[in-house]
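Trainee: Got a structure here, written out as structure tokens. Questions coming.
Protein chains in written order, with the numbering used here: chain A, 3 to 369; chain B, 3 to 369; chain C, 3 to 369; chain D, 3 to 369.
See the structure below:
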């Protein structure tokens, strides 16, 4: 323990916060030193606060259960005890959210956020560690512009796009240009947090609307695939051009695992189905090269069975950090269609956040 | 009763067969006079055979429960007691299925089938009563070619396309040309019949494959929208050209109601969203003009609420015979996108079959 | 309309409130004239407030959708426009709840409540119309003690006990003494209201605890089966003695319909299984004798099929107002065991409330 | 590998058979050497036969996938390649089942069965390794009576009773006499095997009947708790007397994990709630003393949270081999009531079978 990096969880009582605590239990580099939540929980033992409210199997990790919950607003207190924070709190007001995350960065802490308030900020990297690890390089400019010292903010994108964006990226990296992507998602209830979706709304039902989700899933990939560029207002990440995404987002009665039906078209040369599968299977990113603890060995698993991937069977692949893809076939309108799946609260939230922090640490951004 | 038309149900113990019995219970024109099933059930009282196997709420209709089940193969026996049959049996071998339905037609009975074996037969109309009622006009040619007297075969299409095809047809009828349709369906378990989908496969899960379904949903609409034409081999229905459909079909943990996320593009002039909604709301077909008993008053219901249609809330609209549509909005790749829903075992199976029979009766094809 | 009795719904935006509105749509005697809710909704059109939040199939009844929502606290305003209120609001504080219901009674309105705050009040009848209609006779004493004029309060019991208490009462009425009842309930999510149970908690799960429910289901039957008696503090309903109930209450992933596994023992003479079924089938109560609009024709339906009753198939029996019972068999510890089912938000809430009001009206308690 | 004991799985393509293969993948003592199934699958590669039919997450273990499936009837072939068999095939006819298992025992192989056909055989031990390990001692008598050499048959009981019988046994072992147990189970769909329960029957529903289950759960515990005794027909296991069990068994829409609501009464001295919990927590059986690989460290886990155990959260406790218990409280009719849970296809089937084989091996019954 003495040698591990102490980390804090902001929003530790929520569903993503609990997932962080679960996943970090035996982490080789990081250790949960601070749990922070709303003033309502502050001052109580974490284990006592959550006694009937622990959302996962097993018991609350013993050591964390004994920590006293801090108020998220008590920045000075948190900063004193940890070297970075995972921000997983949920405050509807985006300005307030940004202000809180900024206050931690200003106080010198790297902030790895699963929230959405900073995703549109031009100098905040929105990372999928296998796709755009180089976006971390904007951090010095971000620090300079904000007058921050060692602190900074890194975010991860919406969970809805994590199933299909890495497969698309792998094809782009292999030299193919994709110009149109139509996607229909079937998203798990845990994507809405806790208590999230009312059971009355989803048992024996599908909800054809997730407010704001289609906009995010059409827009966020462009920033992730974008380039760092210097504009009149300083360094920023410029969204990729020439790629159009169309999305339908649905909520289905599945606990974990976002499934996407995807159609794609190429501009210029087109790979064969065999080449595509080959590219996916061989794809490795920076996390794999750096052997980061949370990196899945194979980021994209292609399933040859005709009826896979399925949320229940494939969401937990490689510690729930791999994306599973299947059913690649030619399409009548687009060039190809396929089905993709990722675990939304691990790969798409807490696990992705931990991988981002591992990447930043290994790349020397944590000082 | 004396004045009602006696009808037979082939495959009366299956899920669709039971749905026919349920729906026909108080039908003003038709009355179930014969229930036929596999030799295993033949000779027993229908109510006794099904005692612990009635799949719907309430009790087995009393009068039908007392009927003795006949063997589907006993054509002569069935023909004696009824004036038309609804074919809902499920035999994997398509040749055998066709042979059975043909044997009833040859024996002089109109056959209204929910099966798929005759959907590809060029002189068999595949009806959605609001869309292609004129396809009934091929019946004399069908009878002549087969050497049948009063008997004939009419089929209904796959349940997966019933949610979105009537909305597309309404726009076409209003003078707009649609050339591309991408659809992702989320289909209810009852679409697979009974016992159908194993609960282990679908609880907390989505199945991204329904074998054969995508092919049907890409191909069958073209026949429904096609024209009757005389070729070298006689009269046939020629599939529509110039329309391409792309489909993903999924099974979701919903009991009834197939939901579809649809993207469409127009060729030539494009309606506005307001015009589209207006066309849908005003659309009426032949069943409405003829005031057929099973015709929904409004075939296409547009829901303005942002989160509708939903299977649980909208599948039963207007006796489960209306299609519900919502979320019409402009698309980034296609012109528009929307969500559509229909009840798969009523509108998409037994209810649709009854409506087809009502149409044929009113149009004078039952003699 | 002019001749119908105008009624108000307190808590009209909640799940039970919406159920009242749905069920009263075509009521022959009552018509919804006032919808009242928390100050947050007050002043808006009911239909507009609920646009994306109507919890049932179909559309919000047109006439009610146009009503302006009143503040529940605006007693004077509500009283002016209706002759009785159905109280379905949900305020955790029981004192506050009682105070609100009392304020309506004090203002001259009969209050039919689905809430729990007044269930323990000794002079408030807790009615199941088929069991204890005579408890209405305590109303004058209640009015006198509170100094109320025409107003009074009547409550209905917890939904968990409605499936098995009428069957028990029928046996008692037939002259048998039951002294021990062990029950394990499997209760639908709608019993917790809306949003109620989080989907994360119940998909692929059972919750073995419903806070407070076991206590209610062990205690409330004794009051319902009790007698009106005059004590030192005035008239009160004295709980039945000599009957012990033991309960386990569970929440299961079912939308509507509370199922109960019941074991019972008799004291003294014991009926045979055949006699029990006969008693259940023949049982009729005051609502049946008075032919009240919401009275099920047969309050207790016995299902002979080995696998019934089932929530999905039997909850809607006779407008969802009948109790369905099945699987009566001898027990190894108790005398008999059986399974019982009732629809929790109709029979067990709004439908039961309406039936109570119909009873009170027909019996002359509404003046 | 060379040193591992080669084992065969009879019924390897079924749900329990697949579970055996999954659980044995990295077993320290045993290795799957033979997969046997019905003649339909025989002769094909296991992985190819199951390609779209593997029921669990991840991939079919590579080595097993390459094995050629043998016909269960090919006893000689199976015997040649393994030292014991786990019998998990499912043949409705009990005589035929027994004959197959006997043929393996006669050929010299120990048979560890999850089937029910031999549970009533008086000299066949029905083992829960923590409860009645000494019943293995009847094996020599079984072998002698049947004229078998090294072969024998051991069975495990029905999965429905595994959640509550170990807790009852722990109390008995501590010196308390239990004379009455009333139990209502809520059982997972996987308990019915695959395809098992039709999704139509269980989505949004509870089935109040599992044919034959109540009889098993009332009878089998008495044999498990019984004593070996010599009668006129030789050594046999005599069912315990003085204990009466009453059961309701229900199927609920849960994938894995059987939950039981249990009421118990003591004869003679009664422990306090605190003592009971203490006894449960301290309870250890022979598998724990022998440190068997599949033995859970703590066979009975008491959960103090008010809302536990829950199937989704607790079924996987300690490799899904622990029983989780909670909500112990005093009862109004019995002395105490509580809730218990065990994983039905691991602890209650394949995992329990493996533990039994480990016990037999360690105790020297495998020769």
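Using N, Cα and C, we set each Cβ at its ideal position, and we do this for glycine too.
If you count every other CB in all the chains shown that lies within 10 Å of the CB of residue 119 of chain A, and 16 or more means buried, which is it?
Mentor: Buried, by the Cβ-count rule.
Trainee: So residue 358 of chain C is in the alpha helix (DSSP H); what residue range does that whole segment cover?
Mentor: Note, residue 358 of chain C: alpha helix (DSSP H), 353-364.
Trainee: Are the region 253-261 of chain B and the region 178-194 of chain B touching, with three or more C-beta to C-beta distances below 8 angstroms?
Mentor: At 8 angstroms Cβ cutoff, the stretches touch.
Trainee: Please list the residues of the region 301-330 of chain A that have a C-beta atom closer than 8 angstroms to any C-beta atom in chain B, keeping them in chain order.
Mentor: Within the region 301-330 of chain A, the qualifying residues are 308, 309, 310, 311, 312, 313, 314, 315, 328 and 329.
Trainee: Quick check: the region 128-141 of chain C against the region 166-181 of chain C, are there 3 or more CB pairs under 8 angstroms?
Mentor: Contact between the region 128-141 of chain C and the region 166-181 of chain C is present, because at least three Cβ pairs lie under 8 angstroms.
Trainee: For residue 205 of chain D, go through chain A and note every residue whose CB falls closer than 7 angstroms to its CB, in chain order.
Mentor: What residue 205 of chain D touches in chain A: 206.
Trainee: If residue 195 of chain A sits next to residue 17 of chain A, beta carbons under 8 angstroms apart, how far is it from one beta carbon to the other, in whole angstroms?
Mentor: So it is a contact: roughly 5 angstroms between Cβ atoms.
Trainee: Taking a cut of 7 angstroms between CB atoms, which residues from the region 175-204 of chain B lie near chain D?
Mentor: Here the close residues are 191, 192, 196, 197, 198, 199, 200, 201, 202 and 204.
Trainee: Pick from B:51, B:181, B:115 and B:59: whose alpha carbon is nearest that of residue 72 of chain B?
Mentor: Closest by alpha carbon: B:51.
Trainee: Given that a residue counts as buried once 16 or more other Cβ atoms are within 10 Å of its Cβ, and exposed if not, what is residue 70 of chain D?
Mentor: Classification for residue 70 of chain D: exposed.
Trainee: Around the Cβ of residue 158 of chain C, are there at least 16 other Cβ atoms within 10 angstroms (buried) or fewer (exposed)?
Mentor: Residue 158 of chain C should be labelled buried.
Trainee: Terminal residues of the continuous alpha helix (DSSP H) containing residue 20 of chain D?
Mentor: Taken as a continuous stretch (DSSP letters only), the alpha helix (DSSP H) holding residue 20 of chain D covers 17-25.
Trainee: Secondary structure at residue 141 of chain B, three-state DSSP: helix, strand or coil?
Mentor: Three-state result, residue 141 of chain B: helix.
Trainee: When DSSP labels each residue in this structure, what does residue 280 of chain A get in the three-state scheme?
Mentor: Three-state result, residue 280 of chain A: helix.
Trainee: Is the number of C-beta pairs between the region 135-153 of chain D and the region 172-189 of chain D that are closer than 8 angstroms three or more?
Mentor: Contact fails: fewer than three Cβ-Cβ distances are below 8 angstroms.
Trainee: Would you mind telling me which residues of chain D sit closer than 9 angstroms to residue 25 of chain B, beta carbon to beta carbon, in chain order?
Mentor: Chain D residues near residue 25 of chain B: none, gap ~17 angstroms exceeds 9 angstroms.
Trainee: Quick check: the Cα distance between residue 174 of chain C and residue 211 of chain D, rounded to an integer number of angstroms?
Mentor: So the alpha carbons of these two residues sit roughly 27 angstroms apart.
Trainee: Fully enclosed by the region 159-197 of chain D, which alpha helix (DSSP H) runs are 4 residues long or longer?
Mentor: For the region 159-197 of chain D, whole alpha helix (DSSP H) runs of length 4 or above, ordered along the chain, are 164-175.
Trainee: Look at the alpha carbon of residue 3 of chain B and the alpha carbon of residue 298 of chain B, and state the distance between them as a whole number of angstroms.
Mentor: Confidence is the limiting factor: at residue 3 of chain B the pLDDT is only 48, short of 50, which leaves the residue's position unreliable and the question unanswerable from this model.
Trainee: What does the alpha-carbon distance come out to for the pair residue 34 of chain D and residue 66 of chain D?
Mentor: Spanning the two alpha carbons is a distance of roughly 7 angstroms.
Trainee: Could you tell me whether any Cβ in chain A is nearer than 7 angstroms to the Cβ of residue 223 of chain B?
Mentor: No, residue 223 of chain B does not count as interfacial toward chain A.
Trainee: Using a Cβ-Cβ cut-off of less than 8 angstroms, give me the residues of the region 133-161 of chain A that come near chain B, in sequence order.
Mentor: For the region 133-161 of chain A, which is checked against every Cβ of chain B, not one residue is closer than 8 angstroms.
Trainee: Leaving aside the five residues before and after residue 200 of chain B along the sequence, list all residues of the same chain whose C-beta is less than 7 angstroms from its C-beta, in chain order.
Mentor: The answer is none, since no qualifying residue turns up.
Trainee: Looking at residue 313 of chain C: is its Cβ nearer than 7 angstroms to the Cβ of residue 368 of chain C?
Mentor: Not a contact, by the Cβ cut-off of 7 angstroms.
Trainee: From residue 97 of chain C to residue 15 of chain C, what does the alpha carbon distance come to, in whole angstroms?
Mentor: Those two C-alpha atoms are separated by around 22 angstroms.
Trainee: Is DSSP giving residue 3 of chain D helix, strand or coil here?
Mentor: Confidence at residue 3 of chain D is low in this model, with a pLDDT of 48, below 50, so the placement of that residue should be treated as unreliable; the coordinate-derived value is given next. Three-state result, residue 3 of chain D: coil.
Trainee: List the whole-angstrom C-beta distance separating residue 404 of chain C from residue 250 of chain C, where the pair is believed to meet the contact cut-off of C-beta under 8 angstroms.
Mentor: Because chain C is modelled from 3 through 369, residue 404 of chain C falls outside the range shown and cannot be assessed.
Trainee: Taking a contact to mean a Cβ-Cβ separation below 7 angstroms, would you say residue 315 of chain C touches residue 59 of chain B in this structure?
Mentor: Contact: yes.
Trainee: State the beta-bridge partners of residue 33 of chain D as determined by DSSP.
Mentor: According to DSSP, which records beta bridges pairwise, residue 33 of chain D is partnered with D:8.
Trainee: If you run the structure through DSSP and keep just helix, strand and coil, what is residue 289 of chain C?
Mentor: In this structure, residue 289 of chain C counts as helix in the three-state DSSP scheme.
Trainee: Mind pulling the chain C residues with CB within less than 9 angstroms of residue 247 of chain D?
Mentor: 334 and 335, listed in chain order.
Trainee: Tell whether a beta-carbon distance below 7 angstroms holds between residue 126 of chain D and residue 81 of chain D.
Mentor: Not closer than 7 angstroms, so no.
Trainee: Counting pairs of beta carbons, one from the region 323-339 of chain C and one from the region 343-355 of chain B, are three or more of them closer than 8 angstroms?
Mentor: Taking 8 angstroms as the limit for Cβ pairs, the verdict is that the region 343-355 of chain B does not touch the region 323-339 of chain C.
Trainee: What three-state label does DSSP hand residue 334 of chain C in the structure shown?
Mentor: In the structure shown, residue 334 of chain C sits in coil (DSSP, three-state: anything other than H, G, I, E or B).
Trainee: At a Cβ threshold of 7 angstroms, is residue 3 of chain C touching chain A?
Mentor: Residue placement at residue 3 of chain C cannot be trusted, given a pLDDT of 48 that sits under 50; what the coordinates show is reported in the next sentence. Not closer than 7 angstroms to any Cβ of chain A, the Cβ of residue 3 of chain C fails to qualify, so no.
Trainee: What does residue 57 of chain A touch in chain C if you count any residue whose Cβ is under 7 angstroms from its own?
Mentor: Residues of chain C passing the Cβ test: 202.
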